[in-house]
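Colleague:
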Amino acid sequence: MMTPAFTLTLMLFGWFLVALALLWGMMRIARRHPRSRVLHRDHPSTKIFSLPLPFRKIF
Numbered sequence: 798m799m800t801p802a803f804t805l806t807l808m809l810f811g812w813f814l815v816a817l818a819l820l821w822g823m824m825r826i827a828r829r830h831p832r833s834r835v836l837h838r839d840h841p842s843t844k845i846f847s848l849p850l851p852f853r854k855i856f
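Using the numbering used here, you'd call the opening residue of the sequence shown number 798 and step up by one each time.
(1) Between which two residues does the alpha helix (DSSP H) carrying T806 extend?
(2) For L809 and R828, what's the separation of their Cα atoms in angstroms?
(3) Express the C-alpha separation of L807 and L820 in angstroms, rounding to a whole number.
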């Protein structure tokens with residue numbers, strides 16, 4: 798028969814393995830994800846409130 802301490806140890810070890818597997822998966826995806834090395838400046842940045850007051854749309 799399993800003691801409560803052994804059961805708790807198995808549960809904690811299981812959660813640790815699940816967390817480790819999730820971390821490994823995220824790191825694997827992050828390594829394979831292509832990174833863009835050049836900052837794209839195709840579109841000029843526009844300010845939200847750059848228009849004069851009468852031309853702004855208030856939602």
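Heads up, the beta-carbon is just placed ideally off N, CA and C, and yes, glycines get one too.
Modeller: Judging by the given coordinates:
(1) Walking along the sequence shown from the start, residue 806 turns up at place 9. Run containing T806: P801 to R829, per the alpha helix (DSSP H) assignment.
(2) Position 12 of the sequence shown holds residue 809. Position 31 of the sequence shown holds residue 828. Between L809 and R828, the C-alpha separation is close to 29 Å.
(3) Here the question's residue 820 lines up with position 23 in the sequence shown. Here the question's residue 807 lines up with position 10 in the sequence shown. Cα-Cα distance, rounded: 20 Å.
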